[in-house]
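Residue numbers (the working numbering): 63 to 133.
Given below as structure tokens:
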């Protein structure tokens, strides 16, 4: 059976958890920015040539809708 944690052990555990959560938040923000840039690129594809226009227009519309929903 484990004994009770000391206040110092609790503080260290809370600090470590805070560090882990801050790293996770940074990772999620970076990932969000990557997705946003990707959606912006796709939304602009409507103006590009060389791919089937219907597909480009459809994906551009999806990207614009996703960007608007994220705001």
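C-beta atoms are modelled at their ideal positions from N, C-alpha and C, and glycine is treated no differently.
When you compare each of the options to residue i by their alpha carbons, which one comes out closest?
i           : options             : result
residue 121 : 105, 84, 131 and 98 : 105
residue 127 : 96, 101 and 117     : 101
If you draw a straight line from the alpha carbon of residue i to that of residue j, how long is it in whole angstroms?
i           : j           : result
residue 75  : residue 85  : 15 Å
residue 63  : residue 130 : Note that residue 63 scores 45 on pLDDT, short of 50, meaning its location in the model is unreliable; the coordinates nonetheless yield the value given after this. Approximately 54 Å, taken between the alpha carbons.
residue 103 : residue 124 : 12 Å
residue 73  : residue 67  : 10 Å
Do residue j and residue i count as a contact pair if the criterion is CB distance below 8 Å?
i           : j          : result
residue 132 : residue 92 : no
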